[in-house]
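Below: one structure, written as C-alpha cells.
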Amino acid sequence: MSERQNLGPGNGERHNRSVRDAPGDEADRGVTAPDIGPSPEVERRAPDSPAKLPARAWRAVLKGSLREFKNDELADRAAALTYYGVLSLFPALLVLVSLLGIAGRSATDTVLDNLRQLTPGSARDIITRAVQQLQDQSGTGSVMAIVGLALAVWSASGYVAGFIRAANAVYDMPEGRPVWKVLPVRLGVTVVLMVLAVASALMVVFTGALARQAGTALGLGDTALTVWAIAKWPVLVLLVTIMIAILYWATPNARVMGFRWITPGSVLALLIWLVASAGFALYVAGFASYNKTYGTMAGVIVFLIWLWISNLAILLGLEFDAETARQRAVAGGLPPDAEPYTRPRDTRTWDEKDRQRLADGL
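So my numbering is basically just the index in the sequence shown, starting at one, shifted up by 2.
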C-alpha cells in the first residue's frame, strides 16, 4: 500500500475505517463488512458520473495519478505484464490466424498489411513473421481453431492474471476473492478480450475487394463503401477502448462505479498509447541504433520496448480511473486520505495482516 497525500476537498483529519473489527464470520462467508471502505451515505452523496466532479477534483486526479504511478511501481509491473503479454500473444495469434483461415488466405494477408502500418519499426517484423509461419503451418482453419483455442485461452489468461495483481495494487486493495472466484474472472475476461480482438481484426479485413463483394451482394453503392472505409477506424478505436474498460472494471478486487463502456482512464490510455507508439516508431526509424547495439536481437528488443510502453499507458489509465474513484468518494464526504476509498468485492481470503494494513492506512 502506498501513502497518499491530502489532495482533495474535505477536512484534513486522518480517517481510517477499522477493518480489524469487521465480523470474522461475515468475512469467512465473503460478505463485505459494512465498515470497510466508503459508507452507504458517502456513496449516496457521491456524483453519479465523473463528469460531475468539480475542477479541483480533476486537478487532484491528475496529481494523484502521477504520484501513485511511481509509488505503486507501475513501471516494474508494466515490465511483468510485457512478459505475460509475450507468452499470451502467439497463442492468441494462433486462434486469430485459424479463424481468419476460414475466410481464406487473403483475409490474413489483409491483417498483415494493416499490422505493418500500425506497429513500429522492427516490431512489425516479429509479429508478421509469426503470423506468416502460423499461416503456412495451418491446415483446415476450423480444426486449428478448435484445437488451439483451449491452449490459447489459458496461455493468454496469464496476462489477465498479472493485470489482476496490478489492479489490486493500484486500488490499494488486497485480493480477497478465493481461487474459484478469481479463475472464472481470469478466463472470462480473456475470452471476451479475444472475441473483441477477433472482431477488430475482421473489421480490418473487411476492406478492399472483400468489402466491394459484400457491398455488391447487399446492393450497396460506392458511397456506402467509402463511408465504411472511413467509419471503421473510429469503430475500431471504440472497440479497443472498450477492451481496456473491461480490464479496468473486472480485474480489481474493488467495487467501482458499475461497468462503463468508456472511462476517462481508458480514453487516456488509448490516447497515450497512440502518441507514444507513433513517437517510438519515429525514434526507432530516425535516431535509434538498436541494430548496432543488439545485432540480430534488435527486432526483439524493439518489440519488447513497444509492448512495455503499451502496458505503461494501460496502467497509467487504470491509475487515473482509481484516482477518479477516490475523488468521487471525497466529493461524497470521505476524507481525502482515508483508506480504502472503495469497497472490496470480497474479503474471504484476507488475513489479519491485510486487515491491519488497511486499518493503518498503509
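Heads up, the beta-carbon is just placed ideally off N, CA and C, and yes, glycines get one too. Keep in mind the model is a prediction, meaning the values are calculated, not measured.
Candidates the options: closest to residue i by CA position
| i | options | result |
| --- | --- | --- |
| Val269 | Leu198, Asn255 and Leu240 | Leu240 |
| Val197 | Val258, Val237 and Ala94 | Ala94 |
| Trp251 | Asp224, Leu276, Leu189 and Asp323 | Asp323 |
| Val184 | Leu360, Lys355, Leu153 and Asp348 | Asp348 |
| Trp310 | Met259, Ser202, Val193 and Val88 | Val88 |
| Glu45 | Thr344, Ala361 and Glu354 | Thr344 |
| Ala171 | Gly335, Asp339, Lys355 and Leu320 | Leu320 |
| Pro42 | Ala152, Gly335 and Pro180 | Gly335 |
| Ala256 | Pro346, Ala80 and Ala152 | Pro346 |
| Asp367 | Ala158, Leu76 and Ala361 | With the chain covering only 3 through 364, there is no way to say anything about residue 367. |
| Leu64 | Leu306, Glu354 and Leu318 | Leu318 |
| Ala305 | Ala77, Asp356 and Leu91 | For the record, residue 305 in the displayed sequence is Phe; it is not Ala. Checking every option, the nearest Cα to that of Phe305 belongs to Leu91. |
| Arg79 | Ala169, Arg350, Ser279 and Arg69 | Ala169 |
| Asp174 | Val242, Val200 and Asn73 | Asn73 |
| Leu276 | Lys355, Thr243, Val200 and Thr298 | Thr243 |
Contact check, residue i vs residue j, beta carbons under 8 Å
| i | j | result |
| --- | --- | --- |
| Thr265 | Ile166 | no |
| Gly160 | Ala82 | no |
| Ala315 | Ile274 | yes |
| Gly39 | Pro342 | yes |
| Gly53 | Ala333 | Going by the sequence as given, residue 53 is Ala instead of Gly. No. |
| Pro186 | Trp352 | no |
| Gln188 | Val162 | Here residue 188 is Arg; the residue named in the question, Gln, does not match the sequence. Yes, these two residues count as a Cβ contact at 8 Å. |
| Val193 | Val229 | no |
| Met259 | Arg330 | yes |
| Ser202 | Leu153 | no |
| Arg328 | Gly66 | yes |
Per-residue burial, residue i [other beta carbons within 10 Å of its own, 16 or more giving buried]
| i | result |
| --- | --- |
| Gln358 | exposed |
| Phe71 | buried |
| Gly312 | It is Ser, not Gly, that sits at residue 312 in the sequence shown. Ser312 comes out buried. |
| Ala271 | buried |
| Arg2 | The requested residue 2 does not occur in the structure, where the chain is confined to residues 3 to 364. |
| Glu325 | buried |
| Ile232 | exposed |
| Gly267 | buried |
| Thr225 | exposed |
| Ala29 | In this prediction, Ala29 has a pLDDT of 40, which is less than 50 and means its spatial position is unreliable; nothing more can be read from the coordinates. |
| Trp308 | buried |
| Ala158 | buried |
| Thr142 | With a pLDDT of 47 at Thr142, under the threshold of 50, the modelled position of this residue cannot be trusted, and the question is left open. |
| Val181 | exposed |
| Met245 | buried |
| Val191 | buried |
| Leu76 | buried |
| Leu284 | exposed |
| Thr84 | buried |
| Ala280 | exposed |
Run of the alpha helix (DSSP H) containing residue i, from where it starts to where it stops
| i | result |
| --- | --- |
| Asp323 | Ala300 to Ala333 |
| Thr295 | Tyr292 to Tyr296 |
| Phe261 | Phe261 -> no alpha helix (DSSP H), and no H or E assigned at all. |
| Gly66 | Ala57 to Asn73 |
| Pro42 | Pro42 to Arg47 |
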